[in-house]
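Residue numbers (UniProt numbering): 1 to 116.
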């Protein structure tokens, strides 16, 4: 069964929360959760992923941050502990940025990383 996190595993900036809520409203199936995960791949070994979900899975932690319900699976938790999700808008483009204190190496593309 999904567990509610009291200590914040992942935090979200107000700007990111605003964008997540905006994107969720645009979805036809009206998802309730944002899944944040780490998966194998990329030139440094791991990469981030995000997607909307209707309900949590058994091994998920549920984090409510800035009004957004986040899901983080048990595998991703160790790689994301203390991470902060922000939304950046610049001349070079816009998108979500994960500031992760666990990253020990990342590739030049900025999409893959490794942790100890």
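We put the CB at the ideal spot given by N, CA and C, even for glycine.
Using the C-alpha atoms, what's the distance from residue j back to residue i?
i: residue 27; j: residue 94; result: 19 Å
i: residue 10; j: residue 22; result: 20 Å
i: residue 101; j: residue 29; result: 34 Å
i: residue 83; j: residue 49; result: 13 Å
i: residue 32; j: residue 66; result: 14 Å
i: residue 16; j: residue 71; result: 15 Å
i: residue 81; j: residue 37; result: 11 Å
i: residue 92; j: residue 12; result: 22 Å
i: residue 59; j: residue 47; result: 20 Å
i: residue 104; j: residue 64; result: 27 Å
Tell me the DSSP secondary structure of residue i in three-state form.
i: residue 32; result: coil
i: residue 46; result: strand
i: residue 25; result: helix
i: residue 15; result: helix
i: residue 78; result: helix
i: residue 6; result: Any reading at residue 6 needs caution, since the residue's pLDDT is 43, under 50, leaving its predicted position unreliable; the model's value is listed next. Residue 6: coil per DSSP, three-state reduction.
Per DSSP, residue i forms a beta bridge with which residues?
i: residue 69; result: 64
i: residue 95; result: 88
I think residue i touches residue j, with their Cβ atoms under 8 Å apart; what is that distance to the nearest whole Å?
i: residue 98; j: residue 68; result: Rounded, the Cβ-Cβ distance is 14 Å, inconsistent with contact.
i: residue 73; j: residue 57; result: 7 Å
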